[in-house]
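Q: One structure, pasted below without further comment.
There are 2 protein chains.
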Amino acid sequence: MTPPDENCSLVKAVDLVGERWTFLVLREALAGATRFSEFRARLGIASDVLTARLAKLVDSGLLVRRSYREPGQRPRDAYCLTEAGRRVNLVLCALQEWGDEHLPDTVSTVVYRTDDGRRVNVRFVDGEGAVVPAGDVHPEQG
Amino acid sequence: MTPPDENCSLVKAVDLVGERWTFLVLREALAGATRFSEFRARLGIASDVLTARLAKLVDSGLLVRRSYREPGQRPRDAYCLTEAGRRVNLVLCALQEWGDEHLPDTVSTVVYRTDDGRRVNVRFVDGEGAVVPAGDVHPEQG
DNA sequence: AGGGGTGAGTTGGCTTTGCCAACCTAGCCT
DNA sequence: AGGCTAGGTTGGCAAAGCCAACTCACCCCT
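Residue numbers (this note's numbering), protein chains in the order written: chain A, 1418 to 1559; chain B, 1418 to 1559.
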């Protein structure tokens, strides 16, 4: 059964990144992983599933496969984030911060910083760029 | 196979909300759904799966089950968001905005507003509350 | 009191997805 | 030539998802 609202952006996004492992693959990519074996070693994911996930992410334009060759080595495949893939950091950070705050016995193994070292958090902001508490925000029909 | 970093907040969060349907169930809850049949009708989810998802969300403290009775009606079960559950709106909004921007052929069926009607977006902000572009933000070890 | 309707599930059988281990292949290295 | 390694593919099994049919408790109507 397919969820409703075929073109709803959330449904499509969930369909893509809501699959098992996909979020974690993207996290490792953001943390610098590029090679098949690197993802495999860091996550312990089955190789056939990793193949499928990487293919889907390439297909959807979040990763590009790039063959490269270090001198004296045979060619290798690298999976590199695209702009769209890199932008998942906001979602990933939001999810992690939610887990930190609302799930028991968690540690945040990763923090997000600007290039010049300032720690950042994910927040709702209004049109003027002012932070709005999450409790004051509600969804409405489009 | 279980992902690594047992207590990593992101891994735990993914384990919970990363299951098929869970995000969409939460979206409907945020949009006002409370009853079993309401979730079922809006999502078209199989009833046994919905039973499992609701149970897990109650178990994890994102929903509470509350029996209530309208006058002249028999008692019904309602699944109501807790504070932790309501706070998922930030993650949901981030994911939807990402989809709007980076997936083709999407429409955003939902917008997020403050109680007084201002539209809001999800952004990285630094310690002073200043918005930081997502491209300037990177994850770091602990 | 008996019959029907409805919400909230449960159960059985089938299909899909995930997991693991074993295997394959191309290109480099000795 | 033979071996090593990265990046997969393949086969068999187990878990999760899907659908349809069924149950159960409670209310309403007569």
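The C-beta atom is built at its ideal place from N, Cα and C for all residues, glycine as well.
#1: Compute the Euclidean distance between the alpha carbons of B/Gly-1478 and A/Gln-1490, then round it to the nearest angstrom.
#2: Does the distance from the C-beta atom of B/Phe-1541 to that of A/Val-1539 stay below 9 Å?
#3: I'd like the list of long-range same chain contacts for A/Arg-1437, defined as Cβ closer than 7 Å, with 5 residues on each side in sequence excluded.
#4: Out of B/Leu-1474, B/Asp-1543, B/Ala-1495, which one is the CA nearest neighbour of B/Ser-1484?
#5: Pull up the distance between the alpha-carbon of B/Gln-1532 and that of A/Pro-1556, whole angstroms please.
#6: Would you mind working out which of B/Arg-1444, B/Asp-1432, B/Lys-1429 sits nearest B/Gly-1502, comparing C-alpha positions?
#7: Mapping DSSP to helix, strand and coil, what is B/Asn-1424?
#8: For the ligand ATP, is there any heavy atom lying closer than 8 Å to the beta carbon of B/Leu-1509?
#9: Since A/Asp-1517 is in the alpha helix (DSSP H), which residue starts that stretch and which ends it?
#10: Sorted by chain position, which residues of the same chain lie with C-beta nearer than 7 Å to A/Ser-1525's C-beta, five sequence neighbours on each side aside?
#11: Report the residues of the segment 1532-1556 of chain B with a CB closer than 8 Å to any CB of chain A, ordered along the chain.
#12: Report the rounded CA-to-CA distance for B/Thr-1451 versus B/Arg-1493, giving the unit in angstroms.
#13: Pick out the complete alpha helix (DSSP H) segments inside the segment 1451-1481 of chain A, 4 residues or longer, and give them in chain order.
#14: Check whether the Cβ of B/Ala-1511 lies closer than 9 Å to any Cβ atom in chain A.
#15: Excluding five sequence neighbours on each side, which residues of the same chain lie with their C-beta closer than 8 Å to the C-beta of B/Gly-1544?
#16: On the premise that B/Val-1548 lies in contact with A/Gly-1546, defined as a C-beta separation below 8 Å, what is that separation, rounded to the nearest angstrom?
#17: Give me, in chain order, the residues of the same chain whose beta-carbon lies closer than 6 Å to that of A/Val-1475; leave out the 5 immediate sequence neighbours on both sides.
#18: Are the Cβ atoms of B/Thr-1379 and B/Leu-1480 separated by less than 9 Å?
#19: Under a three-way DSSP split, which group does B/Thr-1439 fall into?
#20: Given a cut-off of 9 Å on the beta-carbon distance, is the pair B/Arg-1457 and B/Leu-1467 in contact?
#21: Pull out every residue of the segment 1430-1445 of chain B whose Cβ sits closer than 9 Å to any Cβ of chain A, in chain order.
A: The answer reads as follows:
#1: A straight line joining the alpha-carbon of B/Gly-1478 with that of A/Gln-1490 spans about 52 Å.
#2: yes
#3: none
#4: B/Ala-1495
#5: The amino acid occupying residue 1532 of chain B in the given sequence is Asp; Gln does not appear at that position. Roughly 10 Å separates the two Cα atoms.
#6: B/Arg-1444
#7: coil
#8: Summarising the ligand content, the structure contains no ligands, and the ligand ATP is consequently not present.
#9: 1506-1519
#10: Cβ neighbours of A/Ser-1525 beyond the five flanking positions: Gln-1513, Asp-1517.
#11: Asp-1532, Arg-1535, Arg-1536, Val-1537, Asn-1538, Val-1539, Arg-1540, Phe-1541, Val-1542, Asp-1543, Gly-1544, Gly-1546, Ala-1547, Val-1548, Val-1549, Ala-1551, Gly-1552, Asp-1553, Val-1554, His-1555, Pro-1556
#12: 10 Å
#13: 1453-1460, 1464-1476
#14: So, interface residue.
#15: none
#16: Between B/Val-1548 and A/Gly-1546 the Cβ distance is about 5 Å, and since that is below 8 Å, they are a contact.
#17: Arg-1482
#18: The displayed coordinates of chain B run from 1418 to 1559. Any statement about residue 1379 of chain B would go beyond what the structure contains.
#19: helix
#20: A contact, by the Cβ cut-off of 9 Å.
#21: Ala-1430, Val-1431, Leu-1433, Val-1434, Gly-1435, Glu-1436, Arg-1437, Trp-1438, Thr-1439, Phe-1440, Leu-1441, Arg-1444
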